[in-house]
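Trainee:
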Amino acid sequence: MNFKMETRTSEKDLPIIGLEGEVDVYTAPQLKQQMIVLLEKGAREIVVDLTKVDYLDSTALGVLIGGLKRLREVEGNLMLICPSARIRRVFEITGLDKIFDIHNSEGDARNAAGKETA
Amino acid sequence: MANGDSPAQVELTIPCKPEFVGVARLAMLGVASRMRFSYDEVEDVRLAVGEACTTSVEWAEKNGRPKSTIVLRSEIASDRLTVDIIDTAGSRKEDRDVGGDQDDENLGALLMTLLVDEIKVEPQPDGTHVRMVKHAGQR
Numbered sequence: 029m030n031f032k033m034e035t036r037t038s039e040k041d042l043p044i045i046g047l048e049g050e051v052d053v054y055t056a057p058q059l060k061q062q063m064i065v066l067l068e069k070g071a072r073e074i075v076v077d078l079t080k081v082d083y084l085d086s087t088a089l090g091v092l093i094g095g096l097k098r099l100r101e102v103e104g105n106l107m108l109i110c111p112s113a114r115i116r117r118v119f120e121i122t123g124l125d126k127i128f129d130i131h132n133s134e135g136d137a138r139n140a141a142g143k144e145t146a
Numbered sequence: 009m010a011n012g013d014s015p016a017q018v019e020l021t022i023p024c025k026p027e028f029v030g031v032a033r034l035a036m037l038g039v040a041s042r043m044r045f046s047y048d049e050v051e052d053v054r055l056a057v058g059e060a061c062t063t064s065v066e067w068a069e070k071n072g073r074p075k076s077t078i079v080l081r082s083e084i085a086s087d088r089l090t091v092d093i094i095d096t097a098g099s100r101k102e103d104r105d106v107g108g109d110q111d112d113e114n115l116g117a118l119l120m121t122l123l124v125d126e127i128k129v130e131p132q133p134d135g136t137h138v139r140m141v142k143h144a145g146q147r
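This is how it looks when you write it as structure tokens:
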């Protein structure tokens, strides 16, 4: 199965989880685990980069929603980088595009970091 | 390409396990490409069938049935694609408090409803039969 995950740290110590390939019932648990690790390390804002993702299912959406909930509980936020129309469509048809903070680029996500969210 | 004659059938059996859902999706990509579907419609079928298999896998795990299988049977007609997803993952009755992942399940069900034209879920003695229909050439 084609899936890769790599966590990098942007300026302002903003952790970015970069995903590649297919995020589904088989691979989404790795993303969940990584988010838990970052939360336990005290991260309050996490960015998930979906730029190189070519498939995303409800399991992945569930993990992202779980992460968002936990971060909002500590007044943090989960941001997504998703320039691909195909992947964005999954958020749009489920109405989740209104819940997530979705950006087109890492620069946009960085600019939004640390600011108050709705 | 299917024409007016009898519809072509493609059948695949996979283990009802997370690592095989990708195999089902790949096969569906091939099958859906035989249809007069737009690029988005092919993606819809791939995602919908992936969701159906994911639900089967989740139930196999909940019911402790690691040896379950999923049969995917596609019927390629000129105007419609019918996909039967038949698992042996046991009953989908929620008789204990599982908690946690219910949101995902609802999302999967929502996605399936939105992505195909018809969907029917029928309990079987050993598992569940899901039938999806996507019409072709509507645009």
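Chains as they are written, first to last, in our numbering: chain R, 29 to 146; chain Y, 9 to 147. Backbone N, C-alpha and C define an ideal beta-carbon position, used for all residues, glycine too.
1. How would you list, in chain order, the residues of chain R whose beta-carbon sits under 7 Å from the beta-carbon of Gly116/Y?
2. For Ala140/R, does the three-state DSSP call read helix, strand or coil?
3. Tell me, which residues are paired with Met120/Y by DSSP?
4. The beta strand (DSSP E) spanning Pro23/Y covers which residue range?
5. Give the secondary structure of Gly98/Y by DSSP, where H, G and I count as helix, E and B as strand, and everything else as coil.
6. Could you check what DSSP says for Tyr54/R in three-state terms: helix, strand or coil?
7. Taking the beta strand (DSSP E) that Arg139/Y belongs to, which residues open and close that run?
8. The beta strand (DSSP E) that contains Leu78/R, what's its start and end?
9. Is the CB of Ile121/R under 7 Å away from at least one CB in chain Y?
10. How about Val53/R: is its C-beta nearer than 7 Å to some C-beta of chain Y?
11. Check each candidate in Glu49/Y, Gly135/Y, Leu80/Y and name the one with the smallest Cα separation from Glu66/Y.
12. Please identify, using Cβ separations under 8 Å, the residues of the segment 22-36 of chain Y that lie next to chain R, in order along the chain.
13. Is Leu89/R close to chain Y? Criterion is C-beta to C-beta, closer than 7 Å.
14. Which residues share a DSSP beta bridge with Thr37/R?
15. Around the Cβ of Asn114/Y, are there at least 16 other Cβ atoms within 10 angstroms (buried) or fewer (exposed)?
16. Compute the Euclidean distance between the alpha carbons of Leu47/R and Ala140/R, then round it to the nearest angstrom.
17. Near Asp39/R, what residues of its chain come up, given a Cβ to Cβ distance below 6 Å and the 5 sequence neighbours on each side ignored?
18. Which of the three DSSP states, helix, strand or coil, is assigned to Val57/Y?
Mentor: If we stick to the structure as given:
1. If you number the second sequence from 1, residue 116/Y lands on position 108. What Gly116/Y touches in chain R: Ser86.
2. Position 112 of the first sequence holds residue 140/R. Three-state DSSP puts Ala140/R in a helix.
3. Taking the first residue of the second sequence as 1, we reach residue 120/Y at position 112. DSSP output for Met120/Y lists no bridge partner at all.
4. Indexing the second sequence from 1 puts residue 23/Y at position 15. 16-23 is the span of the beta strand (DSSP E), which, as asked, contains Pro23/Y.
5. Working through the second sequence from its first residue, we reach residue 98/Y at position 90. Three-state result, Gly98/Y: coil.
6. Along the first sequence, read from residue 1 onward, the residue named residue 54/R stands at position 26. Reduced to three states, the DSSP call for Tyr54/R is coil.
7. For this step, residue 139/Y is matched to residue 131 along the second sequence. From DSSP, the beta strand (DSSP E) with Arg139/Y extends over 136-143.
8. Reading the first sequence from its first residue, position 50 is the one you call residue 78/R. From DSSP, the beta strand (DSSP E) with Leu78/R extends over 73-84.
9. Sequence index remark: in the first sequence, residue 121/R carries index 93 (1-based). Interface residue, yes.
10. Taking the first residue of the first sequence as 1, we reach residue 53/R at position 25. Yes, its Cβ sits closer than 7 Å to a Cβ of chain Y.
11. In the second sequence, counting from the first residue as 1, residue 66/Y sits at position 58. Of the listed residues, the one whose Cα sits closest to Glu66/Y is Gly135/Y.
12. Pro26, Glu27, Val29, Gly30, Arg33
13. Position 61 of the first sequence, counting from 1, holds the residue named residue 89/R. Yes, Leu89/R counts as interfacial toward chain Y.
14. In the first sequence, residue 37/R corresponds to position 9, counting from 1. DSSP, once it has assigned bridges, lists Pro43/R as partnering Thr37/R.
15. Locating residue 114/Y in the second sequence gives position 106, where the first residue counts as 1. Exposed, since its Cβ has fewer than 16 Cβ neighbours within 10 Å.
16. Translated into the one-based positions of the first sequence, residue 47/R becomes position 19. Translated into the one-based positions of the first sequence, residue 140/R becomes position 112. Their backbone Cα atoms lie some 20 Å apart in a straight line.
17. Along the first sequence, one-based indexing puts residue 39/R at 11. It is worth fixing the name first, because residue 39/R is Glu in this sequence and not Asp. Same-chain partners within the cutoff: there are none.
18. By one-based count along the second sequence, residue 57/Y stands at place 49. Residue state, collapsed to three classes: helix.
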